[in-house]
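If you read the sequence shown in my numbering, its first letter stands for residue 450, the second for the next number, and so on. The block underneath contains the structure these notes are about, expressed in structure tokens.
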Amino acid sequence: MASLRHLVRYLARVTRQDLPAMHTEWERLVALVEDIQRDVEALAVAHRQSLALMDVAQAMNSSLDLDTVLQMVIDYIIRLTQAERGFLMLREEQGELRTVIARHWEQEDLSPAELNFSRSIVQRVVATGEPVLTSNAQHDPRFRNGESVALYHLKSVICVPLKVKDRLVGVIYVDHRMRSGAFAPQHLGMLMAFAHQAATALENARLFQEVRRALAEVSQLKDLLDRVFASIASGVVTVDTEGRIVMCNRAAERLLCASFEEVKGYPWEQVLAPLASTLRSYWPVVVEEGREVVGVEVSPHWPGRGRVYWQLSMSPWYGENRQLLGATLVIHDLTEQRHLEEMQRIFERMVSPEVIRQLSWEQLRPGGERREITVVFADLRGFTALGEQVSPETLVTMLNRYLALAAGVLLEEGGTVDKFIGDAAMAWFNAPVPQPDHALRAVRAAWAMQQRLRQLHPQLPPAWRLGMGIGIHTGEAVIGLVGSERRLDYTVIGDAVNVAKRLEEAARPGQILLTEATWRLVQERVAVRPLPPLSVKGKKTPLRVYEMTGLR
């Protein structure tokens, strides 16, 4: 612009001079025009550089991906400076510089063999924080002794610092190995301006990457907690201080027969109505006093499920700085466990506790196994006739008393009570666990039943004093689970059962009949009286039978 003003003043002066002086002035005019051309070209270059810096800033700020920004920075630098190669190095936490990206003028990554630069120049920039421009590093007295300068024959080099708030975070290094004077001072100024923009963009990208990494970790942690929360077998319900449901897991949804969306924000007294009275009494303890309540067992009738058995625990729910946010209710569902316990109690009424303690469930496989057992059948005499004289309720009460007596004695001896058939009871010994003295156990139980029956009679009205006939037989049978997947019985099947039943039918009130098979196993421990052979249904030959008269 100064040259243009000089030209205007010159033309005004020349018009007042004579022609002889024109030649000299013409030469001066040519020099002014050349100055103007240089100024215009400098203005054009500066304008292009300004536009380029604007484009660079806009492009870098358009992405927060660190790798994308790094590649973009180097490609723009090489394009603006017409450099052969460009390096961007970032400072590690330990202070060491690491080359994170290196490209050449064709906008492709450098090969490992090309990753050579002047370490002395880079170290000078890092140490001083000031940029370096050299037209020929090999002849520059500052770097003449640098090993990498001589080794790699480096010539034109610019290295500028990357700073964020006066903190050096890296350097930008460009060079031209084949040309001296490839870079001018304006390139250095432009690169410094660019480095400021690049450092800001890199810092933003780095911060964004850290935030994204932190968010990813938080998201992963949240997913993990959600999966853990959802997989907890116990129901978990979180309630705020106003008593409204904030959160519940899948187990709680199953227990409550309602989804989280159906109960979210509703008062717990409404959602947990069957538990309202119980929870209401513990609410002040948890929310006001900040104490836990553990192991409260309840058995409400829950809509959609019927009678349930739950164990409740409540604890305060705290946020940051121990701020009380509400309470957490944990529900342990004991319903199935209680049902199994009830089934076990029923089973214990059928099988001796000693047998249960020794029993392996692997033995209870469908199909069972063949084993020698001793079967006992006991039946009340005169019970049917008595049923015509008393009410059904009275009849059942009396029957339960007699059968309880029989079952108690059989279980004391380790027998398995199979079933009650009207006023008769059936049991066996030597299964499911082996009992070497099974026959002796059976006859002892039969003798004890008759003795206790006689002791019971004085406590009953004369009309209720019934006798009992008992039949005992030892033989092989199949013991195991019989039935289908929906209904199974643990029972015995075989001729031994039929023979014992026939003996019981033949026995008089107060009489105990043994087959010869049983008698041979216990003959040294019992007193018997032989009876005439007994013909029974299903047997071709009569059975040799003995009446038990006592124990030895």
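From the three backbone atoms N, C-alpha and C, an ideal C-beta is built for every residue, glycine too.
Within 10 Å of its beta-carbon, does residue i have 16 or more other beta-carbons around it, so buried, or fewer, so exposed?
| i | result |
| --- | --- |
| V660 | exposed |
| D867 | buried |
| K986 | exposed |
| E953 | buried |
| L443 | Residue 443 lies beyond the stretch modelled for the chain, which goes from 450 to 1001, so this question has no answer here. |
| Q531 | exposed |
| I570 | buried |
| V567 | According to the sequence as given, residue 567 is Ser; it is not Val. That one is buried. |
| H887 | buried |
| L468 | Any reading at L468 needs caution, since the residue's pLDDT is 48, under 50, leaving its predicted position unreliable; the model's value is listed next. That one is exposed. |
| L859 | buried |
Verify whether the separation of the beta carbon atoms of residue i and residue j is less than 8 Å.
| i | j | result |
| --- | --- | --- |
| A880 | R830 | no |
| G929 | E818 | yes |
| G619 | L539 | yes |
| L1008 | F632 | A query on residue 1008 cannot be resolved here, the shown segment of the chain reaching from 450 to 1001 and no further. |
| A955 | I921 | no |
| L1000 | T964 | no |
| A576 | L611 | no |
| E862 | R893 | yes |
| L848 | A912 | no |
| S683 | A707 | no |
| V613 | L640 | no |
| V977 | T998 | yes |
| M696 | T687 | yes |
| I550 | Q572 | no |
| L774 | Y767 | yes |
Quick one: Cα of residue i to Cα of residue j, how far?
| i | j | result |
| --- | --- | --- |
| Q960 | L983 | 15 Å |
| N565 | R534 | 10 Å |
| D872 | D782 | 40 Å |
| M875 | E837 | 25 Å |
| Q904 | M898 | 10 Å |
| W751 | L705 | 8 Å |
| E579 | N770 | 48 Å |
| R974 | G864 | 19 Å |
| H588 | F657 | 43 Å |
| P561 | R552 | 11 Å |
| L537 | R593 | 24 Å |
| V994 | F832 | 25 Å |
| Q646 | G595 | 30 Å |
| E785 | V720 | 23 Å |
| V574 | Q772 | 52 Å |
| I400 | A926 | Outside the displayed range of the chain (450 to 1001) lies residue 400, so it cannot be described from this structure. |
| T846 | A856 | 15 Å |
| L844 | R850 | 10 Å |
| G739 | R794 | 40 Å |
| L909 | I919 | 21 Å |
Which same chain residues end up closer than 7 Å to residue i when comparing Cβ atoms and leaving out the 5 residues on each side of it in sequence?
| i | result |
| --- | --- |
| A725 | E718 |
| P428 | With the chain running from 450 to 1001 in the structure shown, residue 428 is simply not present. |
| Y715 | R693 and I694 |
| K713 | I694 |
Among the residues of its own chain, which have a CB less than 8 Å from the CB of residue i, if the five just before and after it don't count?
| i | result |
| --- | --- |
| Q556 | D524 and I527 |
| V735 | E741, V742, M763, S764, P765 and A776 |
| E746 | Y758, W759, Q760, L761 and L783 |
Can you list, in chain order, the residues of its chain whose CB lies under 6 Å from that of residue i, leaving out five sequence neighbours each side?
| i | result |
| --- | --- |
| H906 | R914 |
| Q807 | Only weak support is given to the placement of Q807: the predicted model assigns it a pLDDT of 49, under 50, and the value that follows is read from those uncertain coordinates. Around Q807: V882. |
| V824 | W877, H922, A945, V946 and A949 |
| F869 | L852 |
Would you say residue i reaches chain B, if we count a Cβ-Cβ gap shorter than 8 Å as a contact?
| i | result |
| --- | --- |
| E791 | As a matter of chain content, chain B is missing from the structure shown, which is built from one protein chain. |
The ligand GDP heavy atoms versus the CB of residue i: any closer than 7 Å?
| i | result |
| --- | --- |
| R771 | The ligand GDP is not part of the structure shown, which contains no ligands of any sort. |
Count Cβ pairs between the region 598 to 611 and the region 620 to 633 that sit closer than 8 Å; are there 3 or more? yes
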